[in-house]
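Going line by line, the protein sequences match chains L and D. In terms of this note's numbering, the numbers along the first sequence are unbroken and rise by one, the last being 1397. In terms of this note's numbering, the numbers along the second sequence are unbroken and rise by one, the last being 822. The structure appears right after this line, and notes come after that.
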Amino acid sequence: MLGRSANGIFWLFRYLERAENISRLIEAGFRMALTRDASDASDEWRSLIVTLGLRQAFEARHGTEYTGPHVFNFILRDRDNPGSILAITEEARTNARMVRGGITREVWESVNDGWMQLKEALARPVTETRLGAVLDLVRRQSTQVRGAMEGTMLRNEIYNFARLGSFIERADNTARILDVKYYVLLPSVSYVGSSLDNVQWENVLRSVAGERAYRWLNAGRMDPRGIAEFLILDGRFPRSLAFCYSKLRSNLASLAREYGGEMHCHEILRDADCQFHHATIEAIFEQGLHEFIGTFIRNNTALALQIQRDYRFID
Amino acid sequence: MTKTSPSSYDEMLHADGSVRSAYAGYCQWHDEQPPDLLRRKGSEAEAFFRRTGITFNVYGNEDAEERLIPFDMVPRIITAQQWRKLQRGIEQRVRALNAFLHDLYHRQEIVRSGRLPARLLKNNEAFLPEMVGFTPPGGVYTHIVGIDLVRTGEDDFMVLEDNARTPSGVSYMLENRETMMAMFPELFTRVRVREVSDYPRRLARSLAACAPAAFNGKKPVVAVLTPGIYNSAYFEHAFLADQMGAELVEGSDLRVENGRIAMRTTRGYQPIDVLYRRVDDEYLDPLTFNPNSVLGVSGIMDVYRGGGITIANAPGTGIADDKAIYSFMPEIVEFYTGEKPILPNVPTWRCAEPDALAYVLDNLADLVVKEVHGSGGYGMLIGPTSSKRELAAFEAKLRAKPENYIAQPTLSLSTVPILTKAGLAPRHVDLRPFVLVSPNGIDITPGGLTRVALKKGSLVVNSSQGGGTKDSWVLDD
């Protein structure tokens, strides 16, 4: 396949994954804001903007006043925000158009249909009343594309590049949420056991759609180590770092089989993978959660770049 | 069921309102349908086209970046007998076009014999000196041709235009049929219509039969070259590549390697044997043509002349569909085939000739005047529907550069009904059959693309100017 097409597929799935994750973040933030008084709610919205790396752009547009509608409209549809959900969904669709021949009709139609619906839903400012429905739409598109892909695409290199895009992005997103919220998870003497902590912790889980799974696995016990362990090391949870890396591993292995050999990116993956083998959450906390995540994000970015180089995504 | 416009030939109805035999089966089915069904299906079809992304882009129109070409659900029907004659005429014409191109780029016998004035080639940008003395692989110049036909009577089909560069529209021919079959399957069990769906396979086979000298594999590698997703026909490029199982490449994917054109794949650079390019000559090679082009490949012309790749259509075929050359097509057909043309031209005045110019100026209000190098319906004058001021402005242009124009009578194009809010109503149509040329012969897909002017009385069928399309049927014997 063409290097440019591999790039298109890779980014199509990165963008779809990113849109989905951002919508979960907004949803968690919205829920938090609803349960807090005005100044705490504003903190919550600010933290959302910070998580997405949009602080400068947002403040250039709205100043330091973080109201819900300003924040979620900025993230969803603002023209001044090149990473808005609308913009990246459009990017996803542009990529899908570019690689139209590499995806099935069902996959293309789910992408195109989702984009048309979202464009209409985001044609005017979103109110708090409409927010839930809009976020739902974003997630549903992602789910639909994934389903179409699962059900109709050949398991070949195209599929592998798509999955690599999805899991590179998902790992990055989960890590960034952890990075911004790590202080919430650091056991702190004064807060341990307080109800505020519990809500904050649950919110971290909620932003990666993990609150129910976690509760089910841990019989409702909320503690920061447990949550960090769940999001980093639990290979059963599909948004954990360990899960994403097991998928990256299997897809890169398929590529190596199909191409008759390993590339440099396979080495990088092996190095990055070591961090999950024999790792315990205790060791991670000892090393420092923040440092651990920082290293993880850098390695993940390096892996993505190497995949793009090895498979000639760009000249 | 509908009224015909008194001055034009209606393909469905006789002047007395009875149904012509070609439409007998269809009309019977049509009359049995609940009145609202077809209209409802119309909006279904539109939603379907949008979802599947069958759109075309309009240059310079930001709001409507992707527009649908309206699809009308009443088919355009041609009998087997009519088609046989068309087929013979088209084949003859396409054969002549290829012989003509070969001659123009070699000995120019037709100019030496005095049948074609040499001035038509001088200073004509469509004539490429780079092609002189070179014979494309398999001797084929126009791998894909679209012949635009108009009809004025029962047996009166005429060629309005030859499209010998990169004719587009074939994806609409295919998707229109898919749509009709999906919406009205039972109709196709009642009326036997000849298949069009194997066009992409025939195209792939036809292109593969023209492999270049350097080809040494088992199966020629075919790729479609597109200017990219913002091109108006991008959907079609992607569609054809997909249907042929060929790669859809852009200029930035390609480079010259060991005397071949190679594409950047995830496994490294891989040579291409046949390039079905949907990029104009001008942009094909910045080293040879427009130096600012980013759509082509630097050095492809050298590779081409060295036998490293087949370019379809060959560069320089535009000279054959130049409107000034068009007026000589009857002579050209006769010169190369030794036969009288089966399909006539539309009568054409060459404004470069003083007598013709005088006639055109005297009768401007009754004529259609076209720019010799124009396309897409832009820059033309339709005398009968133009204001005095428009006529005067055009007259000035004509006097200033008469050699830039040809004129034709306003034809009374045939009509086929379309579905309107008020029921069926006749609209003017044309027909573009698609023709494949390879060393194995000339292959014409039965039917083609029917374009229809949706505005009442309008004669302009171009999609960029409010035209629509119809499914085109050739009945099976």
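Built from N, CA and C at the ideal position, the CB exists for glycine as well.
How would you label residue i, buried or exposed, when you count the other beta carbons within 10 angstroms and need 16 or more for buried?
i                 : result
Pro771 (chain D)  : buried
Arg1161 (chain L) : exposed
Ser1272 (chain L) : Note that Ser1272 (chain L) scores 48 on pLDDT, short of 50, meaning its location in the model is unreliable; the coordinates nonetheless yield the value given after this. Exposed.
Asp711 (chain D)  : exposed
Lys668 (chain D)  : buried
Gly1370 (chain L) : exposed
Val1360 (chain L) : Note that residue 1360 (chain L) is His in the sequence shown here, rather than Val. By the 10 Å Cβ count, His1360 (chain L) comes out exposed.
Asp822 (chain D)  : exposed
Ala1230 (chain L) : buried
Cys1356 (chain L) : exposed
Thr1362 (chain L) : exposed
Glu1349 (chain L) : exposed
Asn1103 (chain L) : buried
Glu407 (chain D)  : With a pLDDT of only 42 at Glu407 (chain D), under the threshold of 50, the placement of this residue in the model should not be trusted; the figure read from the coordinates follows. Flag for Glu407 (chain D) reads exposed.
Val1274 (chain L) : Since pLDDT at Val1274 (chain L) reaches only 49, below the 50 mark, its modelled position is unreliable, and the value read off the structure follows with that caveat. Exposed is the call here.
Asp361 (chain D)  : exposed
Gly1343 (chain L) : exposed
Lys386 (chain D)  : buried
Ile1259 (chain L) : buried
Arg535 (chain D)  : exposed
Val567 (chain D)  : buried
Met744 (chain D)  : According to the sequence as given, residue 744 (chain D) is Arg; it is not Met. With fewer than 16 other Cβ atoms within 10 Å, it is exposed.
Arg1380 (chain L) : exposed
So, are the CB atoms of residue i and residue j less than 8 angstroms apart?
i                 : j                 : result
Arg622 (chain D)  : Ala665 (chain D)  : no
Ala697 (chain D)  : Glu748 (chain D)  : yes
Glu470 (chain D)  : Thr633 (chain D)  : no
Tyr681 (chain D)  : Gly498 (chain D)  : no
Asn690 (chain D)  : Met503 (chain D)  : yes
Ile1240 (chain L) : Gly1184 (chain L) : yes
Asn464 (chain D)  : Glu676 (chain D)  : One detail in the question is off: residue 464 (chain D) reads as Arg in this sequence, not Asn. No, they are not a contact pair.
Leu505 (chain D)  : Asp788 (chain D)  : no
Tyr371 (chain D)  : Pro420 (chain D)  : yes
Gly1085 (chain L) : Arg1394 (chain L) : yes
Ile606 (chain D)  : Gly434 (chain D)  : no
Thr610 (chain D)  : Met1083 (chain L) : yes
Cys1326 (chain L) : Ala1253 (chain L) : yes
Gly1090 (chain L) : Asn1177 (chain L) : yes
Ser732 (chain D)  : His773 (chain D)  : no
Asp493 (chain D)  : Val797 (chain D)  : no
Leu781 (chain D)  : Ile489 (chain D)  : yes
Gly1150 (chain L) : Phe1112 (chain L) : yes
Asn1238 (chain L) : Ala1110 (chain L) : no
Leu726 (chain D)  : Val717 (chain D)  : no
Would you please state the rounded distance, in angstroms, between the beta carbons of residue i and residue j? I believe it to be under 8 angstroms.
i                 : j                 : result
Asn1255 (chain L) : Arg1100 (chain L) : 7 angstroms
Thr790 (chain D)  : Pro778 (chain D)  : 7 angstroms
Ala553 (chain D)  : Lys564 (chain D)  : 7 angstroms
Leu1334 (chain L) : Leu1351 (chain L) : 6 angstroms
Thr795 (chain D)  : Thr814 (chain D)  : 6 angstroms
Arg1221 (chain L) : Ser1322 (chain L) : Actually they do not touch by this definition, with Cβ atoms about 19 angstroms apart.
Leu1168 (chain L) : Leu1200 (chain L) : 7 angstroms
Phe1163 (chain L) : Ala1139 (chain L) : The sequence given here has Asn at residue 1163 (chain L), not Phe. Correct: roughly 6 angstroms between the Cβ atoms.
Glu389 (chain D)  : Leu413 (chain D)  : Glu389 (chain D) to Leu413 (chain D), Cβ: 13 angstroms. No contact.
Arg510 (chain D)  : Val678 (chain D)  : Wrong, their Cβ atoms sit about 20 angstroms apart, outside the cutoff.
Gly514 (chain D)  : Gly478 (chain D)  : Not really, about 33 angstroms apart at Cβ, beyond 8 angstroms.
For the ligand COA, I want to know if residue i counts as a neighbour, meaning its beta carbon is within less than 7 angstroms of at least one of the ligand's heavy atoms.
i                : result
Gly683 (chain D) : Inclusion of the ligand COA in the displayed structure is not the case, the ligand content being empty and no account of it being possible.
Task: Positions along the stretch 573-589 of chain D whose CB lies within less than 7 angstroms of some CB in chain L - done: Identification of residues in the stretch 573-589 of chain D having a C-beta nearer than 7 angstroms to some C-beta of chain L yields Ile574, Ala583, Ala586 and Asp587, given in sequence order.
Open item on the list: Could you check whether the stretch 1304-1316 of chain L touches the stretch 1357-1375 of chain L, counting it as contact only if at least three pairs of C-beta atoms, one from each stretch, sit closer than 8 angstroms?
Closed with: Segments in contact, yes.
Task: Stretch-stretch touch, CB-based, cutoff 8 angstroms, three pairs: the stretch 581-591 of chain D with the stretch 648-657 of chain D - done: With a cut-off of 8 angstroms, the stretch 648-657 of chain D and the stretch 581-591 of chain D do not count as touching, because too few Cβ pairs lie within range.
TODO: Closer than 9 angstroms, Cβ to Cβ, to anything on chain D: give me those residues from the stretch 1327-1339 of chain L, in chain order.
DONE: If the cut-off is 9 angstroms between Cβ atoms, the stretch 1327-1339 of chain L has Leu1337 near chain D.
Task: Contacting positions in the stretch 603-615 of chain D - beta carbon closer than 8 angstroms to chain L - done: Against chain L - using a Cβ distance shorter than 8 angstroms - the residues of the stretch 603-615 of chain D are Met608, Arg609, Thr610, Thr611, Arg612 and Gly613.
Open item on the list: So if I threshold CB-CB distances at 7 angstroms, which residues from the stretch 1344-1372 of chain L count as touching chain D?
Closed with: If the cut-off is 7 angstroms between Cβ atoms, the stretch 1344-1372 of chain L has nothing near chain D.
Task: Near-chain D residues of the stretch 1086-1097 of chain L - C-beta to any C-beta below 7 angstroms - done: Listed by position along the chain: Arg1086 and Ala1088.
- [ ] Compile a chain-ordered list of the residues in the stretch 1177-1192 of chain L whose CB is closer than 8 angstroms to at least one CB of chain D.
- [x] Listed in sequence order: Arg1179, Met1180, Arg1182, Gly1183, Arg1187, Trp1190 and Glu1191.
Open item on the list: With a threshold of 8 angstroms, are at least 3 pairs of Cβ atoms found where one atom belongs to the stretch 434-443 of chain D and the other to the stretch 483-497 of chain D?
Closed with: Remark: three or more beta-carbon pairs, one from each stretch, lie closer than 8 angstroms, so the stretch 434-443 of chain D and the stretch 483-497 of chain D are flagged as touching.
- [ ] Pair every Cβ in the stretch 573-582 of chain D with every Cβ in the stretch 524-538 of chain D, then say whether three or more of these pairs are closer than 8 angstroms.
- [x] Contact check between the stretch 573-582 of chain D and the stretch 524-538 of chain D: fewer than three CB pairs, one atom from each, fall below 8 angstroms, which does not count as touching.
Open item on the list: Would you call the stretch 377-386 of chain D in contact with the stretch 1119-1128 of chain L, where contact means no fewer than 3 C-beta pairs closer than 8 angstroms?
Closed with: Segments in contact, no.
Task: contact_flag[the stretch 1089-1098 of chain L, the stretch 1235-1252 of chain L] where n(CB pairs < 8 angstroms) is 3 or more - done: With the rule of 3 Cβ pairs closer than 8 angstroms, the stretch 1089-1098 of chain L counts as touching the stretch 1235-1252 of chain L.
Open item on the list: Please list, in chain order, the residues of the stretch 1166-1177 of chain L that have any C-beta partner in chain D closer than 8 angstroms.
Closed with: With the criterion set as a beta carbon lying under 8 angstroms from some beta carbon of chain D, the members of the stretch 1166-1177 of chain L are Thr1176, in sequence order.
- [ ] Note down, in chain order, all residues in the stretch 1227-1260 of chain L with a beta-carbon under 7 angstroms from any beta-carbon belonging to chain D.
- [x] Residues of the stretch 1227-1260 of chain L whose Cβ lies closer than 7 angstroms to any Cβ of chain D, in chain order: Glu1239.
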